[in-house]
Amino acid sequence: MQFDISSLETGTLVFIGTLVFAFILAAFVLAAGLIALVLVGAGKLTWMVVANTLLTVVHGVNSVWDRLVHRASTVDVSGNFQPQPAPSTGTYPRVILRDS
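Per the working numbering, residue 16 is the first one in the sequence shown, and the count goes up by one each step.
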């Protein structure tokens with residue numbers, strides 16, 4: 016049995032054409048929404064990776080600095096430096112009077 020499209024009324028053809036157009040439009044909107052969700056998800060994932068990496072680096076630097084300061088506070092440096100007389104001209108240091 017063959018279907019002859021010319022036997023349909025114009026109103027029926029317009030209705031079918033409108034349904035096909037609506038289906039194409041809905042498919043396009045759904046595809047665009049899905050692509051937008053994927054891009055937003057990828058952007059958020061990238062941001063989280065970068066932010067967590069930076070936070071880890073900052074915490075690592077802070078931890079190393081804290082250990083360095085605590086180690087430096089326990090070192091006895093009194094024997095490493097010999098007292099030297101400071102050259103001066105009376106009550107003012109030589110550095111201040113050098114330009115005069």
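The beta carbon of each residue, even a glycine, is placed where N, CA and C say it ideally should be.
Span separating the alpha-carbon of residue i from that of residue j
i   : j   : result
N77 : S88 : 16 Å
L28 : A51 : 34 Å
A41 : L23 : 26 Å
I31 : T25 : 10 Å
G56 : W62 : 10 Å
L54 : L70 : 24 Å
Q17 : V35 : 22 Å
T68 : V84 : 24 Å
V90 : G75 : 23 Å
V73 : V79 : 10 Å
G58 : F43 : 22 Å
G48 : V65 : 26 Å
L60 : T33 : 40 Å
L45 : S21 : 33 Å
Cutoff 9 Å: residue i Cβ touching any chain B Cβ
i   : result
L28 : Reference to chain B is not applicable here, since this structure consists of a single protein chain.
Handout entry: Unbroken stretches of the alpha helix (DSSP H), 4 residues or longer, contained in the region 42–82
Key = none
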